[in-house]
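Anchor point for the sequence shown: position 187 equals 300 in the working numbering, and the numbering is continuous, going up by one each time. The beta-carbon is built from N, C-alpha and C at its ideal position, and this holds for glycine as well. None of the values given here were measured: they were computed from a predicted structure.
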Amino acid sequence: MDKSKVDYSVYLVTDSTPAILGTKDLVRVVEAAVRGGVSIVQYRDKHSDRQTAVQTARKLLEVTRRFGVPLLVNDRVDVAVEVGCEGVHIGQDDMAYEEARKLLGPDKIIGVTASSVDEALAACKAGADYLGLGTVYATPTKKDTKSIIGPSGIRSILQALSSAGHASIPTVCIGGINARNATAVLLESSAAPQKSLDGIAVVSALVAADDPAAAARDLLAKVVTGRVPD
Ligand code: TZP
Ligand code: MG
């Protein structure tokens, strides 16, 4: 995989809790969502033990490889190393970027969460491959979320990235994004002509959907219309 060619348009972050997944099978949900147009998947699982996480990541990797989309693991760098997936996503309270890079090597994708201009610039300087910006809107999916920054907060970060010479780092936003608000969020977040978002990251809009393939198709259409060219 050439990490400079990753498509961040519709970024699926998984959740295995009954409140969001219901009684569905996670691997089937991911497969349907990827069929519908999801372009990158992050396996996020805050509850399973290591062995279960490794098993699940392997099953997801079998699906994502079949469709040629990258699989990242949230937080658990050791799990990503063990299964050999395409990379990780780390937050501000997780393993430091430098340590993750040492464990993963130069070719893997490391994404970093940023909620402020300072965090975004620091992640860029460290060498992050992409940024997850948010939280855009409060969401029941992540109750401990630090800062709700709205589309205007995203726009400030994009402006600062551009001014600091980091206009080319891919960015997605996360938090309360769904098919109803995706187009508006993309437009309102944009700091075009300097810098716009590359895509949207969602949990419940896909994982809780009755028809994840249709939901992914719908989100992709919204991204295609809402994304502002730089
Ligand atoms: N990080 C910030 S908000 C969030 C994460 C993982 C959860 C987003 O979930 P949803 O269901 O798309 O609002
Ligand atoms: Mg984390």
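Discussion item. To the nearest angstrom, how far is the alpha carbon of residue 172 from that of residue 328?
Written reply: Locating residue 172 in the sequence shown gives position 59, counting from the first residue. Locating residue 328 in the sequence shown gives position 215, counting from the first residue. When rounded, the distance between both Cα atoms is 22 Å.
Practice prompt. Please classify residue 216: does DSSP put it in a helix, a strand, or coil?
Written response: Within the sequence shown, numbered from 1, the residue matching residue 216 stands at position 103. Helix at residue 216.
Worksheet item: Between 226, 278, 295, 160, which lies nearest to residue 259 when the distance is taken from Cα to Cα?
Response: Taking the first residue of the sequence shown as position 1, residue 259 is located at position 146. Cα-wise, what sits closest to residue 259 is 226.
Worksheet item: With respect to 7 Å, is the separation between the Cβ of residue 289 and the closest non-hydrogen atom of the ligand TZP below this value?
Response: Here residue 289 corresponds to residue number 176 of the sequence shown, with the count starting at 1. Yes, the ligand TZP has a heavy atom inside 7 Å of this Cβ.
Worksheet entry | Option in 133, 121, 250 with minimal Cα separation from residue 155 | Position 42 of the sequence shown, counted from the start, is the residue given in the question as residue 155. Measuring from the Cα of residue 155, the nearest candidate turns out to be 121.
Worksheet item: Taking Cβ positions, are residue 318 and residue 274 nearer each other than 8 Å?
Response: Along the sequence shown, read from residue 1 onward, the residue named residue 318 stands at position 205. Along the sequence shown, read from residue 1 onward, the residue named residue 274 stands at position 161. Against a cut-off of 8 Å, the Cβ pair of residue 274 and residue 318 comes out as no contact.
Item to complete: From the DSSP output, read off the bridge partner residues of residue 312.
Response: Within the sequence shown, numbered from 1, the residue matching residue 312 stands at position 199. Answer is 285, bridged to residue 312.
Worksheet item: Is residue 203 near the ligand MG, in the sense that its beta carbon is under 7 Å from a heavy atom of that ligand?
Response: Along the sequence shown, one-based indexing puts residue 203 at 90. Yes, the Cβ of residue 203 comes within 7 Å of a heavy atom of the ligand MG.
Fill in: Contact belief for residue 277 with residue 261 at Cβ below 8 Å, rounded distance in angstroms
One-based indexing of the sequence shown puts residue 277 at position 164. One-based indexing of the sequence shown puts residue 261 at position 148. The Cβ separation is near 24 Å, so there is no contact.
Item to complete: Could you name each continuous alpha helix (DSSP H) segment of 4 residues or more that falls completely within the region 134 to 204, going from the start of the chain to the end?
Response: 139 to 149, 163 to 180, 190 to 196
Worksheet item: residue 297 lies in the alpha helix (DSSP H); which residues open and close that run?
Response: Here the question's residue 297 lines up with position 184 in the sequence shown. Residues 295 to 302.
Worksheet item: Is any heavy atom in the ligand MG found nearer than 7 Å to the beta carbon of residue 207?
Response: Mapped onto the sequence shown, residue 207 falls at position 94. Flag set: Cβ of residue 207 near the ligand MG.
Worksheet entry | Expected contact under 8 Å - CB spacing of residue 336 and residue 298 to nearest Å | If you number the sequence shown from 1, residue 336 lands on position 223. If you number the sequence shown from 1, residue 298 lands on position 185. That belief does not hold up - the Cβ atoms of residue 336 and residue 298 are roughly 10 Å apart, past 8 Å.
Worksheet item: Is residue 255 near the ligand TZP, with its Cβ less than 7 Å from a heavy atom?
Response: As a working mapping, residue 255 is identified with position 142 in the sequence shown. For the ligand TZP, at least one heavy atom lies less than 7 Å from the Cβ of residue 255.
Worksheet item: Out of curiosity, what's the CA-to-CA distance linking residue 292 and residue 331?
Response: Here residue 292 refers to the residue found at position 179 when the sequence shown is read from its first residue. Here residue 331 refers to the residue found at position 218 when the sequence shown is read from its first residue. Rounded to the nearest angstrom, the two C-alpha atoms are 7 Å apart.
Worksheet item: Whose C-alpha, out of 324, 245, 323, is nearest the C-alpha of residue 286?
Response: Against the sequence shown, residue 286 aligns to sequence position 173. For residue 286, the nearest C-alpha among the options comes from 245.
Discussion item. Whole angstroms are fine: how far does the CA of residue 114 sit from the CA of residue 130?
Written reply: Along the sequence shown, one-based indexing puts residue 130 at 17. Along the sequence shown, one-based indexing puts residue 114 at 1. Taking the straight line joining both Cα atoms gives about 30 Å.
Discussion item. Can you check which of these residues, 342, 133, 230, is closest to residue 323 by C-alpha distance?
Written reply: As a working note, residue 323 is residue 210 in the sequence shown. Of 342, 133, 230, the residue nearest in Cα terms is 133.
Worksheet item: In whole angstroms, what separates the C-alpha of residue 325 from that of residue 149?
Response: Here residue 325 corresponds to residue number 212 of the sequence shown, with the count starting at 1. Here residue 149 corresponds to residue number 36 of the sequence shown, with the count starting at 1. Each residue's Cα considered, the two are about 7 Å apart.
Practice prompt. Please list, in chain order, all residues of the same chain as residue 211 whose beta carbon is under 7 Å from its beta carbon, the five residues on each side excluded.
Written response: As a working mapping, residue 211 is identified with position 98 in the sequence shown. Answer for residue 211: 239, listed in chain order.
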